[in-house]
Every structure is written in C-alpha cells, then in structure tokens.
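Novice:
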Amino acid sequence: MIHRPRRLRRTEAIRALVREHHVRLDHLVQPIFVVERAEDAGPIASMPGIERHTIDGAVEECRTLAALGIRAVLLFGIPAHKDAQASSNVKEDGVVQRAIRAIKAAVPELAVMADLCNCEYTDHGHCGLLDERGEVDNDATVALLANVAVTYARAGADVVAPSDMMDGRVAAIRDALDDVGFEQVAIMAYSAKYGSAFYGPFREAAASAPRFGDRRSYQMDPPNVREALREIALDIEEGADIVMVKPGLPYLDVVRAARETFDLPIAVYNVSGEYAMLQAAFAAGWLERDRTIDEVLASFVRAGADIVITYFAKEVARRHAG
Ligand code: PBG
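So the sequence shown is numbered by numbering that gives the first Met the number 0: it starts at 0 and just counts up by one.
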C-alpha cells in the first residue's frame, strides 16, 4: 500500500477543505505616513504604491481602507520641526495627534494605532534623548514616551505602539495612561524589534535615519532568539496587551518561538525592506505578484502571528473586494 497525500490536493475544493491557515482582512494592519507640511506629501521612491499623506489625505485613505474591509491602521507622523528634544512629538496639536482626531471623527469604526517613538521627531534621528556622552538616555526617553502616549490617547488612539526599544517603557506608559483615566487604551509593544537592515525604505519615508551611529545599542542583535523571548516576557510583565516581532520574514522562527511560549496576541511587522524587495522583483517581472504576496502573508499566520502589519494590506483588501 502506498500513502497518497496527493489525493487531498487534486482539486481546489478539496485543497480548500483541508487548508490549515487563512489570512483574513480582520488581522491586517495598514501602516500610514502622515506629514505635517503639505510639501512633504507624495510617493516614496523605495516603496512603490505607498505615499506620505497630508492629514486630509490620510483621512481619505482611511475611508478607502475601511470601505475595502481593513479594520486597523498604524500611524507614523512626520513633523515640520525636528529638534534634539523631539518636542513636536509631545504637542496636543502635533501631526499624529491631529491625524488621530481627524481619522476617528471620519471613520470611527477603524481601530487607530499610533506608533510611539522619537526618531521621526529628533534632529539627530535617534529614537530617544541623548545624554552628555551622546548615548541614548533610557530613563529620560521613557519619561518622554509616557507623556507622548497620553497625548495620543487624548486624541483618541485605540492602541499606542512603542517602537523605541527602551527598557521599562511599557510599564511607564501603562502607568501614565492609567493615571489620567485611559485604562482602556491598549499597548502593542514592539517587544522583539531587531536592529535590522530591512528598515531602510522606512527611514526614507519617515526621514528618520540616524545622523550618526546606528540603533544597535537599543534594537536587538539579529542572531538572538532567547533574548527575544526575554524581551517579550518583560513587556508582558509590564502590561503589554499585544507583543510584536519585527521584521517579519527573516524572523519567522522568533514568531514561532513566541507563539509556543506566550498566550497573548502576537503581531508581526512585514517591514518596508521586505515590501521593497518584493516590489522590485515584481517590477522586474521576476516574481508573480498575487501569489507571492499571499504566500508571504500566509507564512506569518502559519508561524503563529495573530496580527500582520503590512504595506500590502490595502492591495490584498482590494483584490478580495474583486
Ligand atoms: C520607529 C520605527 C521604525 C519602523 C517602525 N517604527 C524604524 C526604525 O526603527 O528605524 C520600521 C518600519 C519599517 O521598516 O517598515 N522606530
């Protein structure tokens, strides 16, 4: 007798019957870049199909996404003014705060997540405040992030998503939010965020490349996985509601390890460089577009992610909509 697994692959109906994982629009998050100055809006060369929006443009984009069935967005702000203190990040009428208000007013059913970091707001491009040695000062940065989180919550964010990789920030943000009555605002922590080369296109999009040095003193060293589990455990202890692994494709083993270790929802970030490399291959005619995107997104779900943050969300939703 020979075993014949091929029997269950014979027709699409049979394959569908035994398909183990599905990518649903419910679980996709579309990142959105919002600029304060109209002249900064427009396409991003290394991310074909993605734009930097004005606040009005972001509202329009959110209406379109919601109509297509996307239920969550992740906002990134690009302020008009940058300085060493990231002062534009903590203003009640900052670009992200205004964008959150406008989007929640126009598309209240959409879950609005706000990326919480300083690198788009500092003139030196680092994710935190610098001390007198020029190093990123952990505790001063954490205090600032907690204040910024409150302004995002006040604007109406459903979720704040700290992506800075400072130690102790989740607890400080949770305390700050709770202190002023925002205990319903969730924290999605970029817990295992690696110091990755795959963020290159994002830094063009957000004009956030560090002016000197790199982010390796706060973002994780790519070869480590036990350390990722420790980072995730700490964030859970500190009160994170959702934990994240980032980037996605080169770190599927980390997603799997996290899935097997923790019971919280796990998000994965299919980052700008992963998007750019596929777009480049599509443009060259080297990869088949729809099938490749579906296969990549399925890999995240198969690895154990509940939430997939991806620049492909809108395109996939449009395809589902027919
Ligand atoms: C901010 C932040 C970055 C990304 C998300 N939040 C850039 C970085 O850490 O340099 C990257 C997202 C992407 O590449 O798509 N700290």
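Just so you know, even glycine gets a beta-carbon here, dropped at the ideal spot from N, CA and C.
In its own chain, which residues sit with a C-beta less than 8 Å from the C-beta of E314, not counting the 5 before and 5 after it?
Specialist: Only G48 and I292 meet the Cβ criterion.
Novice: Is it buried or exposed for I43, if we count other Cβ within 10 angstroms and need 16 for buried?
Specialist: Buried, since its Cβ has 16 or more Cβ neighbours within 10 Å.
Novice: Looking only at its own chain, which residues have a Cβ that is under 8 Å from the Cβ of L115, when we skip the five neighbours before and after it?
Specialist: Cβ neighbours of L115 beyond the five flanking positions: L144, V147, A148, Y151, V159, A160, P161, S162, D163 and I172.
Novice: Between R9, I308 and H319, which lies nearest to P30 when the distance is taken from Cα to Cα?
Specialist: Comparing Cα-Cα distances from P30 to each of R9, I308 and H319, the minimum goes to I308.
Novice: Give me the Cα-Cα distance between A71 and A312, rounded to the nearest whole angstrom.
Specialist: Computed Cα separation, rounded: 10 Å.
Novice: With distances taken from CA atoms, which of A170, W285, R215 and Y193 is nearest D234?
Specialist: The option with the nearest alpha carbon to D234 is A170.
Novice: List, from N- to C-terminal side, the beta strand (DSSP E) runs of 3 residues or more that fit wholly inside the region 205-277.
Specialist: If we require 3 residues or more, the beta strand (DSSP E) runs fully inside the region 205-277 come out as 241-245 and 265-269.
Novice: Tell me whether the beta-carbon of F46 lies closer than 8 Å to the beta-carbon of Y268.
Specialist: Just to set this straight, residue 46 is Met in the shown sequence, not Phe. Not in contact: M46 and Y268 (Cβ atoms no closer than 8 Å).
Novice: I'd like the list of long-range same chain contacts for L7, defined as Cβ closer than 8 Å, with 5 residues on each side in sequence excluded.
Specialist: The residues are I13, R14, L16 and V17.
Novice: Does the CB of M46 have a neighbour CB from chain D at under 8 Å?
Specialist: Among the protein chains of the structure shown there is no chain D, as only one such chain exists.
Novice: Alpha carbons only, please: which of H123, M187 and E182 is nearest the one belonging to R214?
Specialist: Nearest C-alpha to R214: H123.
Novice: Using a threshold of 8 Å, state whether the C-beta atoms of G127 and N117 are closer than that.
Specialist: Contact flag set, yes.
Novice: Check whether the region 100-108 and the region 190-201 are in contact - that is, three or more C-beta pairs closer than 8 Å.
Specialist: Touching, no.
Novice: What does the Cβ neighbour count give for V94, buried or exposed, with the cut at 16 atoms within 10 Å?
Specialist: Flag for V94 reads buried.
Novice: Looking at D163 and the ligand PBG, is the gap between the Cβ and the nearest heavy atom below 7 Å?
Specialist: Yes; taking the cut-off as 7 Å, the Cβ of D163 has a heavy atom of the ligand PBG nearer than that.
Novice: Please identify the residue among A205, I186, A196 and Q84 whose C-alpha is closest to the C-alpha of M243.
Specialist: Ranking the options by Cα distance to M243, first place goes to I186.
Novice: Please name the residue, chosen from D240, P200, S195 and G199, that lies closest to P222 on a Cα-to-Cα basis.
Specialist: For the residues D240, P200, S195 and G199, the minimum Cα distance to P222 belongs to S195.
Novice: If you check the beta carbons only, do A280 and V253 fall under 8 Å apart?
Specialist: For A280 and V253, no; Cβs fall outside 8 Å.
Novice: Could you name each continuous beta strand (DSSP E) segment of 3 residues or more that falls completely within the region 114-196, going from the start of the chain to the end?
Specialist: As far as the region 114-196 is concerned, its whole beta strand (DSSP E) runs of at least 3 residues are 158-161 and 185-192.
Novice: Indicate, with yes or no, if the ligand PBG has a heavy atom lying under 7 Å from the CB of G272.
Specialist: Flag set: Cβ of G272 near the ligand PBG.
Novice: Taking all protein chains shown into account, do 16 or more other C-beta atoms lie within 10 angstroms of the C-beta of V179, making it buried, or fewer, making it exposed?
Specialist: When all chains shown are included, V179 counts as exposed.
Novice: Among the candidates A40, N88, S298 and R97, whose CA atom is the shortest distance from the CA of T121?
Specialist: Closest by alpha carbon: N88.
Novice: Heavy atom of the ligand PBG less than 7 Å from the Cβ of S45, yes or no?
Specialist: No, since every heavy atom of the ligand PBG falls outside the 7 Å radius drawn around the Cβ of S45.
Novice: Are there 16 or more other CB atoms within 10 angstroms of the CB of F32, so buried, or fewer, so exposed?
Specialist: Under this definition F32 is a buried residue.
Novice: Out of V22, E230, E203 and A110, state which residue places its alpha-carbon closest to the alpha-carbon of L73.
Specialist: When each option's Cα is compared against that of L73, the closest is A110.
Novice: Whole angstroms is fine: what's the gap from P394's alpha carbon to S271's?
Specialist: For the chain, the structure presents residues 0 to 321; residue 394 sits outside this window and is missing.
Novice: Compute every distance between the C-beta of S87 and the non-hydrogen atoms of the ligand PBG, then say whether any falls below 7 Å.
Specialist: No, since every heavy atom of the ligand PBG falls outside the 7 Å radius drawn around the Cβ of S87.
Novice: Give the secondary structure of E50 by DSSP, where H, G and I count as helix, E and B as strand, and everything else as coil.
Specialist: Strand.
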